[in-house]
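In the numbering used here, the protein residues as written are 74 to 223.
Listed below in structure tokens is the structure:
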């Protein structure tokens with residue numbers, strides 16, 4: 074697809090369509106890919122860190138504190154790590170409309186109405202598992218706190 078791209082590619086998309094152009098280069102043509110690559114590294118690192126965190130259920134009762142946002146159990150840590158990876162997949166899919174605009178073979182200013190809503194829906198859909206995992210973790214912490222107190 075790269076050889077068929079026009080000599081200038083979209084650099085910025087505003088409310089009225091493409092409002093800035095850049096000379097065709099690997100860097101300018103594949104901005105969405107590089108953006109996703111960087112995001113993948115960050116999110117995969119976060120998922121790995123969450124999965125490797127020692128959960129509160131494995132800490133001695135004297136070391137437990139409410140100040141640290143630590144997963145309640147190993148299952149909760151795994152759930153949160155998976156939720157981070159689902160968010161990353163949703164972000165990658167959400168960048169596809171941007172790629173469709175970026176990689177058009179004709180130089181046009183017009184951009185359809187659909188890329189932004191598609192991006193937002195997919196981004197929010199990727200956040201849902203993350204919020205659910207955090208909610209389930211809070212509920213698990215309440216259950217373990219009640220058991221410890223009783």
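Using N, Cα and C, we set each Cβ at its ideal position, and we do this for glycine too.
1) Taking just the CA atoms, how far does residue 82 sit from residue 91?
2) Name the DSSP bridge partner or partners of residue 91?
3) Thinking C-beta only, is residue 184 closer than 8 angstroms to residue 226?
4) Roughly how many angstroms lie between the CA atoms of residue 208 and residue 162, to the nearest whole one?
5) Measuring only the C-alpha atoms, how far is residue 203 from residue 86?
6) Of all the CB atoms in chain B, is at least one closer than 8 angstroms to the CB of residue 183?
7) Buried or exposed: residue 89, going by 16 or more other Cβ atoms within 10 Å of its Cβ?
8) Who does residue 113 pair with in a DSSP beta bridge?
Based on what the coordinates show:
1) 9 angstroms
2) 86
3) Residue 226 cannot be examined here, being either before or after the span of the chain that is shown, 74 to 223.
4) 21 angstroms
5) 29 angstroms
6) Protein chain content of the structure displayed is limited to a single chain, and chain B is not contained in it.
7) exposed
8) Answer is none; residue 113 lacks a bridge partner.
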